[in-house]
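Participant:
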Amino acid sequence: MLIQFGNNQFLLNPDGSMYWLEEKSLIVGDLHLEKSTSYIDQGNFLPPYDTIDTLERLLNKIKELLPNRIIFLGDVFHDNSAFDRLKKKEKQLFKDILNKNVIWVKGNHDNNFKYVDIKTYTSYKLKNFIFSHISDKKNKLEISAHYHPKVTFKFKGTKISKPCFLIDKEKIILPAYGTYTGGLNISSDIYKNVFLNGYQIYALGNTKVLKIEKKF
Amino acid sequence: MIQEKHKYKKNIIKDKIQSHKINKWFKKKGWSFYDYQIKALQAINQNKDILITSPTGSGKTLAGLLPTILESDKFKKNNLYTIFISPLKSLSYDIERNLLIPINECDLNLTISVRTGDTTAYTKTKQIEKPPNILVTTPESFALLMSYKNAEEYFSNLKYLIIDELHNIIHSKRGDLLSLNIARLNEIVPYHNKIALSATLKDIKTGLAYFSNKKKSEVIKSLKNKKLSVSIIKTAKNIPWSGYMATYAIKNIYNNILKHKSSIIFVNTRAQEEVLFQSLWKINKDKLNIAVHHGSLEKKLRIKIEEKMFRGLLNCIVATSSLELGIDWGNISLIIQVGAPKGISRMIQRIGRSNHKINLPSKAILVPTNKFEYLECEAAKKAIYENDIEEIKIKKGSLDVLAQHIFGVACSKPFNTDLLFKNIKTSFPYKNLDISTFNKVLEFVENGGYSLKHYKEFNKIKKNIKGNYEVSDKRLIHKYRMNIGTIVESDLINVYLKNKKLGKIEEYFVQNLVRGDTFLFAGEVLEYLENNVKGISVKKSKNKYPKIPSYVGGRLPLSTKLSRHVIELINNYKNFNMPLQIKEWLQKQEEYSILPPSKGLLIETFTRNNFGFRKNYLVAYTFQGRSANQTLGLVVLNKMLKLNLKPIAFTATDYALVVWSEIKCNDVEKLFENKNFFQGFNQWLENTSLIRKHFKDVAVISGLIDKNYPGYIKTHKQIKFNSDLIYEVLKKYERNHILLKSTKLEAMDDLLDYNKIKNYLLAIKNNIIHKNLKRVSPMSIPLLLEFNIEKVKEDNLIDIIEEENNLLLEANLH
Numbered sequence: 001m002l003i004q005f006g007n008n009q010f011l012l013n014p015d016g017s018m019y020w021l022e023e024k025s026l027i028v029g030d031l032h033l034e035k036s037t038s039y040i041d042q043g044n045f046l047p048p049y050d051t052i053d054t055l056e057r058l059l060n061k062i063k064e065l066l067p068n069r070i071i072f073l074g075d076v077f078h079d080n081s082a083f084d085r086l087k088k089k090e091k092q093l094f095k096d097i098l099n100k101n102v103i104w105v106k107g108n109h110d111n112n113f114k115y116v117d118i119k120t121y122t123s124y125k126l127k128n129f130i131f132s133h134i135s136d137k138k139n140k141l142e143i144s145a146h147y148h149p150k151v152t153f154k155f156k157g158t159k160i161s162k163p164c165f166l167i168d169k170e171k172i173i174l175p176a177y178g179t180y181t182g183g184l185n186i187s188s189d190i191y192k193n194v195f196l197n198g199y200q201i202y203a204l205g206n207t208k209v210l211k212i213e214k215k216f
Numbered sequence: 001m002i003q004e005k006h007k008y009k010k011n012i013i014k015d016k017i018q019s020h021k022i023n024k025w026f027k028k029k030g031w032s033f034y035d036y037q038i039k040a041l042q043a044i045n046q047n048k049d050i051l052i053t054s055p056t057g058s059g060k061t062l063a064g065l066l067p068t069i070l071e072s073d074k075f076k077k078n079n080l081y082t083i084f085i086s087p088l089k090s091l092s093y094d095i096e097r098n099l100l101i102p103i104n105e106c107d108l109n110l111t112i113s114v115r116t117g118d119t120t121a122y123t124k125t126k127q128i129e130k131p132p133n134i135l136v137t138t139p140e141s142f143a144l145l146m147s148y149k150n151a152e153e154y155f156s157n158l159k160y161l162i163i164d165e166l167h168n169i170i171h172s173k174r175g176d177l178l179s180l181n182i183a184r185l186n187e188i189v190p191y192h193n194k195i196a197l198s199a200t201l202k203d204i205k206t207g208l209a210y211f212s213n214k215k216k217s218e219v220i221k222s223l224k225n226k227k228l229s230v231s232i233i234k235t236a237k238n239i240p241w242s243g244y245m246a247t248y249a250i251k252n253i254y255n256n257i258l259k260h261k262s263s264i265i266f267v268n269t270r271a272q273e274e275v276l277f278q279s280l281w282k283i284n285k286d287k288l289n290i291a292v293h294h295g296s297l298e299k300k301l302r303i304k305i306e307e308k309m310f311r312g313l314l315n316c317i318v319a320t321s322s323l324e325l326g327i328d329w330g331n332i333s334l335i336i337q338v339g340a341p342k343g344i345s346r347m348i349q350r351i352g353r354s355n356h357k358i359n360l361p362s363k364a365i366l367v368p369t370n371k372f373e374y375l376e377c378e379a380a381k382k383a384i385y386e387n388d389i390e391e392i393k394i395k396k397g398s399l400d401v402l403a404q405h406i407f408g409v410a411c412s413k414p415f416n417t418d419l420l421f422k423n424i425k426t427s428f429p430y431k432n433l434d435i436s437t438f439n440k441v442l443e444f445v446e447n448g449g450y451s452l453k454h455y456k457e458f459n460k461i462k463k464n465i466k467g468n469y470e471v472s473d474k475r476l477i478h479k480y481r482m483n484i485g486t487i488v489e490s491d492l493i494n495v496y497l498k499n500k501k502l503g504k505i506e507e508y509f510v511q512n513l514v515r516g517d518t519f520l521f522a523g524e525v526l527e528y529l530e531n532n533v534k535g536i537s538v539k540k541s542k543n544k545y546p547k548i549p550s551y552v553g554g555r556l557p558l559s560t561k562l563s564r565h566v567i568e569l570i571n572n573y574k575n576f577n578m579p580l581q582i583k584e585w586l587q588k589q590e591e592y593s594i595l596p597p598s599k600g601l602l603i604e605t606f607t608r609n610n611f612g613f614r615k616n617y618l619v620a621y622t623f624q625g626r627s628a629n630q631t632l633g634l635v636v637l638n639k640m641l642k643l644n645l646k647p648i649a650f651t652a653t654d655y656a657l658v659v660w661s662e663i664k665c666n667d668v669e670k671l672f673e674n675k676n677f678f679q680g681f682n683q684w685l686e687n688t689s690l691i692r693k694h695f696k697d698v699a700v701i702s703g704l705i706d707k708n709y710p711g712y713i714k715t716h717k718q719i720k721f722n723s724d725l726i727y728e729v730l731k732k733y734e735r736n737h738i739l740l741k742s743t744k745l746e747a748m749d750d751l752l753d754y755n756k757i758k759n760y761l762l763a764i765k766n767n768i769i770h771k772n773l774k775r776v777s778p779m780s781i782p783l784l785l786e787f788n789i790e791k792v793k794e795d796n797l798i799d800i801i802e803e804e805n806n807l808l809l810e811a812n813l814h
């Protein structure tokens, strides 16, 4: 699904990533890698495959689009010590990704994490666009993540919930990309503080991104 | 106490009783002991385990407790001699209340205390430090007690284990948990007697084997067959086409309550209860004392109501199954059952509560909530009179419960795996457990059981120097104890209005709600907002009438016998004594379509426009009961998918199956062909919402995810764990994981066995009648408002949406 935002073209992908055509940049948010292993202390041993699953999906997208740049919108890791928990293969895949031109915007979950010489930012400006983790009212043309938006709609008597992009003239919020990430339903009041005059909803389908109309 | 004055034979035990204080008390009340109560005492005297069955509640509890009472003179203070296990919290308090009367009035040397999830921390501590002589508790609290370090010491003086309402607990996950703990108890205290109390069981042998491992055991039947008087409510009002509300007959219900000193109205769901209660109060001109009772009422209030009922201060109580069990609720003279009874054994128990003190027949009135239910009520009436009780399905012990148990054992003291395995196998549901499955469950408890042993260094239970497993971190023990009550609560979720908890509602009601949907609850019309970790949050709706009809999610499917009777009724309706409106309905069905035949299968197809969407419906009147219909539905959905008919979802009731799809099915016979019917079913099952529901339960009960994180503060930025996400990941990366195996076993248990369905398909072969209609048929109307939907995998729905380019998809927001 191709959209116009700030006079540039952005491709919304059904895996939750976004591709900026003019800058050949792939943008993803909220990977929350190693979320599965973050509950060990509490005695919950969740299936530890979220990292490999998330990284493989990301790499597939990278192979498909061959971007010049990858922009992380924060919460790459679920916590600050997550990187040390990565398994060998996962570490390798992760390093492969980092070898590309990566812009790493810090999130609230991984704000103290540093990887070797990769520079991390609180927010990043490229052309007229601001990339941040959490949306800030004062930013015009901002692309952020953090809220894990999801939308619920009915189809012929059945209820469907899907992660979604939220877009208006000045702001885009990306859905969470990570395998174990849940979502915050867009009906929440939180979004009213970000989008003052309504927004467009694009839900993730199987092979497409679906536009969802708002019913008030 | 339910006793009367009557004659009994002379025997040895009589002397023992005659000299006891309790006998004087009985005489004072004008009561005497039943034959079977004496027989029970005799059997106990011979050191046997006993199973006492009785069609109604009469005197079972006393029979169970008599041995304890007679020995009480020898009891020492602060020693536990008898443990009485009852499935419901309210029942436990009821028993205590009833026992306290003779204990006080006879000055018996007995202390009694109740322990449930409601018991205060103070009382719980006291119970451990200074054990009562009789402890009344639930299976979960019993499991908890067994998980304490001093469990051996605590139970060392035990003489009697009494299991109440065995029929209710047998072949369920709670039964599994209880059974496992009884096996452990047998190890700690080999010489104690077990007494099980039950409603009439069809399979007595299994009932006995379920709890007793003694060679010497006996079944004692109470031959007190109470006379029953069951009728269907007489009303001039129109019985609704569909839905599950009895409000159309509210005046008739009220008039019946008025005629009786005290009555109970049983409903099947919380939602029905709310509506009925409200409606009764609206017309309560005679200012009757009407109360409502259910398991999730605030404890103080619930006990207050139970107290009032017991003392005869209430005229009527509206209740869900939370109230159906128990020994004595005072003098009830009328039982009203709203909605067709789904289980005959249960219904007989319920009816037996009325007039049980006097020699009048137990009276019950059935109130059908829609036209179809009328037929079900007639069938139920017949079954009740014929005492045609259903078979209880035997199920293997659940593996998620086993996982919870293994950890519980470790909490109590370090265990040796060989010995534990041997002990587990002595419990009936787990008697065929094989060592490799046990080891997989053990590994799961240790570290999640993943093939590459990812969490090996963090094992929850570890082998110590002696080679026994013990808990590696004490904090985990605390967490385990907090979560142990999850088995019972798993299908009720909280309803919150802002931050105020209004109550609990059945989970399957909520699963298909979207923002904007309105329903009736807690006395008002509420609007669904969202689902979060705590439960669902709602707000008060501006609408007067709810959009979503509150519905029944019958747990107990109609038996095949009852289903057959309903078809007979339908086919013979002209000769049967039924209200005119029912006959007219059936006549219309005959004119517009045909009546479902007693042999063969009627399938109707029609198209409907609903809110601008076309839906192609297929209705198959199989009359096989909900379990079988659910299985059929799943298979048919899969077949339609393969035939590219783009199915969306289906609902199954006891008598029919409704599927809707994008493309109309013209060759319906193909869907019900018995050749290769179940081909690919196993794989298909993996993708259904049915199995995901089971996985959710399995994930919580086994300890993979928790419902309550100790000390974890939940903010609106929910950090909840969606079990669906875990399920998908497990399917993709650990197909042979023990929890997936456990889930599949549970799902298969829910569905009927293949042979029954195969036989049905053979029976209808070449006997399928397809009616292609222009409109909805009269008989299908009740089905179309069913809310318990089984949909195809979300991906399949998305596929359909993606194909239809100009589909308008909408989400409700404010």
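Residue numbers (my numbering), protein chains in the order written: chain A, 1 to 216; chain B, 1 to 814. Think of the CB as a built atom: it goes at the ideal place given N, C-alpha and C, for glycine as much as any other residue.
Closer than 8 Å by C-beta to residue 541 of chain B: which residues in its own chain qualify, once you throw out the five before and the five after it? Chain order, please.
Facilitator: Closer than 8 Å at Cβ, skipping near neighbours: 518, 524, 525, 526 and 527.
Participant: Determine contact between the region 466-484 of chain B and the region 61-73 of chain A, defined as no fewer than three beta-carbon pairs at a distance below 8 Å.
Facilitator: No: fewer than three Cβ pairs fall under 8 Å.
Participant: Does the separation of the CB atoms of residue 340 of chain B and residue 266 of chain B fall below 9 Å?
Facilitator: No.
Participant: Give me the chain B residues within the contact set of residue 170 of chain A, using Cβ-Cβ distance strictly less than 9 Å, ordered along the chain.
Facilitator: Here the premise fails: no neighbours, minimum Cβ distance about 20 Å.
Participant: Quick check on the burial criterion: 16 or more other C-beta atoms within 10 angstroms. Buried or exposed for residue 346 of chain B?
Facilitator: It is buried - the Cβ of residue 346 of chain B has at least 16 other Cβ atoms within 10 Å.
Participant: Using three-state DSSP, classify residue 714 of chain B as helix, strand or coil.
Facilitator: In this predicted model, residue 714 of chain B has a pLDDT of only 40, less than 50, meaning its place in the structure is not dependable; the value taken from the coordinates is given anyway. Correct three-state label for residue 714 of chain B: coil.
Participant: Taking beta-carbon pairs under 8 Å, can you tell me which members of the region 724-755 of chain B lie near chain A?
Facilitator: Answer in chain order: 725, 726, 729, 730, 732, 733, 734 and 737.
Participant: Tell me whether the region 117-133 of chain A and the region 77-97 of chain A touch, counting them as touching only if at least three CB pairs, one residue from each stretch, are closer than 8 Å.
Facilitator: Result no; under three Cβ-Cβ pairs closer than 8 Å.
Participant: Does DSSP put residue 106 of chain B in a helix, a strand or coil?
Facilitator: Note: residue 106 of chain B maps to coil in three-state DSSP.
Participant: Could you tell me which residues DSSP pairs with residue 263 of chain B in its beta bridges?
Facilitator: Note: residue 263 of chain B sits in a beta bridge opposite B/316 and B/334.
Participant: In terms of alpha-carbon separation, which member of A/37, A/33 and A/15 lies closest to residue 455 of chain B?
Facilitator: Looking at the Cα atoms, A/37 is the closest of the given residues.
Participant: Could you give the DSSP three-state label for residue 776 of chain B: helix, strand or coil?
Facilitator: The answer is coil: DSSP assigns residue 776 of chain B none of H, G, I, E or B.
Participant: Of all Cβ atoms in chain B, is any one closer than 9 Å to the Cβ of residue 16 of chain A?
Facilitator: It does not; no Cβ of chain B falls within 9 Å.
Participant: Put residue 244 of chain B into one of helix, strand or coil per three-state DSSP.
Facilitator: Residue 244 of chain B: coil per DSSP, three-state reduction.
Participant: For residue 479 of chain B, return the contacting residues in chain A, with the cut-off set at a CB-CB distance below 8 Å.
Facilitator: Result: 42 and 43.
Participant: Taking residue 49 of chain B as the reference, give the member of B/460, B/288 and B/67 with the closest Cα.
Facilitator: Of the candidates B/460, B/288 and B/67, the one whose C-alpha sits nearest the C-alpha of residue 49 of chain B is B/67.
Participant: I need the boundaries of the beta strand (DSSP E) containing residue 198 of chain B, first residue and last residue.
Facilitator: Segment 193-198, the beta strand (DSSP E) holding residue 198 of chain B.
Participant: Rounded to whole angstroms, what's the CA-CA distance from residue 376 of chain B to residue 775 of chain B? Just pull it up for me.
Facilitator: Taking the straight line from one Cα to the other gives about 25 Å.
Participant: Spatial neighbours of residue 44 of chain B within its chain, please: CB distance less than 7 Å, with the 5 preceding and 5 following residues excluded, ordered by chain position.
Facilitator: Excluding residues within five positions, the ones whose Cβ falls inside 7 Å are 50, 67 and 193.
Participant: In whole angstroms, give me the CA-to-CA distance for residue 204 of chain A and residue 689 of chain B.
Facilitator: Their Cα atoms are separated by approximately 20 Å.
Participant: Measuring straight from C-alpha to C-alpha, what distance separates residue 124 of chain A and residue 163 of chain A?
Facilitator: Their Cα atoms are separated by approximately 25 Å.
Participant: Mind reading off the beta-carbon distance from residue 333 of chain B to residue 263 of chain B? Whole number of angstroms is fine, and I expect it under 8 Å.
Facilitator: About 7 Å separates the two Cβ atoms, so the contact holds.
Participant: Quick check on residue 633 of chain B: buried or exposed, where buried means 16 or more other Cβ atoms within 10 Å of its Cβ?
Facilitator: Residue 633 of chain B comes out buried.
Participant: What residues of chain B sit near residue 54 of chain A, judged by a beta carbon separation below 7 Å?
Facilitator: None at all; the shortest Cβ gap to chain B is about 11 Å.
Participant: Measuring CB atoms only, is the region 148-165 of chain B touching the region 406-424 of chain B, in the sense that at least three cross pairs come out at less than 8 Å?
Facilitator: Enough Cβ pairs lie closer than 8 Å, so yes.
Participant: Quick one: list the residues of chain B neighbouring residue 47 of chain A, beta-carbon separation under 8 Å, in chain order.
Facilitator: In chain order: 448, 450, 726, 729, 730, 733, 734 and 737.
Participant: With distance defined between alpha-carbon atoms, name the residue in A/15, A/1, A/33 and A/139 nearest to residue 21 of chain A.
Facilitator: It is A/1 whose Cα lies nearest to the Cα of residue 21 of chain A.
Participant: Report yes or no: is there a C-beta of chain B within less than 9 Å of the C-beta of residue 177 of chain A?
Facilitator: False, the Cβ-Cβ gap to chain B never drops below 9 Å.
Participant: Would residue 365 of chain B and residue 232 of chain B qualify as a contact pair, given that the criterion is a beta-carbon distance under 9 Å?
Facilitator: Result yes, Cβ atoms of residue 365 of chain B and residue 232 of chain B sit closer than 9 Å.
Participant: By the three-class DSSP mapping on this structure, what secondary structure does residue 43 of chain B have?
Facilitator: Helix at residue 43 of chain B.
Participant: With H, G and I counted as helix, E and B as strand and the rest as coil, what does DSSP make of residue 679 of chain B?
Facilitator: Residue 679 of chain B falls in the coil class under three-state DSSP.
Participant: Measure the Cβ-Cβ separation of residue 506 of chain B and residue 271 of chain B and say whether it is below 9 Å.
Facilitator: Yes, Cβ-Cβ distance for residue 506 of chain B and residue 271 of chain B is below 9 Å.
Participant: For residue 384 of chain B, which of helix, strand or coil comes out of DSSP?
Facilitator: If DSSP states are grouped into helix, strand and coil, residue 384 of chain B belongs with the helices.
Participant: Bridge partners for residue 181 of chain B per DSSP, in chain order?
Facilitator: BP columns for residue 181 of chain B are empty, so no partner.
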